[in-house]
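Novice: As numbered in this note's numbering, residues 16 to 173 make up the sequence shown, in order.
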Amino acid sequence: MQVQMERTLVIIKPDALNRSIVGEIISRFEKKGLKIVAMKMQRLQEEKLREHYGKHKDKDFFNDLIKYMSSIPSVLLVLEGKEAVDVVRKMTGNTVGRKAEPGTIRGDFSMSVQVNIVHASDSAEEAKREVRRFFSEEEIQHYSKLDFDWVYSSDEKK
Ligand code: IDP
Ligand code: MG
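1. Comparing alpha-carbon positions, which option in Pro88, Val111, Glu61 and Thr119 lies nearest Val103?
2. Return yes when at least one heavy atom of ligand 1 lies under 7 Å from the C-beta of Phe76, else no.
3. With H, G and I counted as helix, E and B as strand and the rest as coil, what does DSSP make of Pro88?
4. Give the straight-line distance between the Cα atoms of Trp165 and Glu95, rounded to the nearest whole angstrom.
5. Output the boundary residues of the alpha helix (DSSP H) element that contains Lys46.
6. Is there at least one non-hydrogen atom of ligand 1 closer than 7 Å to the beta-carbon of Asn33?
7. Kindly list the residues whose CB is nearer than 6 Å to the CB of Val134, restricted to its own chain and excluding five residues on each side of it in sequence; keep chain order.
8. DSSP puts Arg22 in a beta bridge; with which residues?
9. Say the cut is 7 Å; is the CB of Asp170 nearer than that to a heavy atom of ligand 2?
10. Considering only the beta carbon of each residue, do Leu92 and Ile51 sit closer than 8 Å?
11. Return helix, strand or coil for Ile81, following the three-state DSSP convention.
12. The alpha helix (DSSP H) that contains His67, what's its start and end?
13. Between Glu61 and the rest of its own chain, which residues show a CB-CB distance below 6 Å, the 5 nearest in sequence each way excluded?
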């Protein structure tokens, strides 16, 4: 079965920056074989976060979430790979840090429901919208990655 290359958005949240694990998180994605096609550090604006987390706008934690996410900068990445959305969600783990499996990013680094280290898109459709929300077309890099030949088999590269 031919599986398409996919892109997904990752936000390494303010708590990860303050806990000095940004490099560790990026390193996990790199080692897995995902290709970084965009990356930047940015203090996220409240307005954009309100849109990004729109589905939670009526929840009682909404304002706290926006405040935390806009408190200091985040690191934003676009990652590319076969089934990248699903792969990155699995690596991220359960939303609730306390319940996330050891070995996942949240399972290894978070004790919180809200302060949970990373955001990862939860579907291919949503990922397209999220990448567009935070990155312009010019910020997405096009290049061939040298280890590509060893990350996928020959039929998967077609
Ligand atoms: P996800 O990040 O695992 O996709 P979502 O349900 O999409 O989880 O929620 C988005 C973010 O909102 C979570 O990562 C977390 O920071 C925050 N959040 C979700 N549920 C709660 C809650 O019950 N209390 C506080 N914050 C929450
Ligand atoms: Mg979500």
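Backbone N, C-alpha and C define an ideal beta-carbon position, used for all residues, glycine too.
Specialist: In short:
1. Thr119
2. yes
3. coil
4. 16 Å
5. Val37 to Lys47
6. no
7. As written in the sequence, residue 134 is His, which differs from the Val given in the question. So the qualifying residues of the chain are Ile26.
8. Glu95
9. no
10. yes
11. helix
12. Glu61 to His67
13. Ile81 and Ser85
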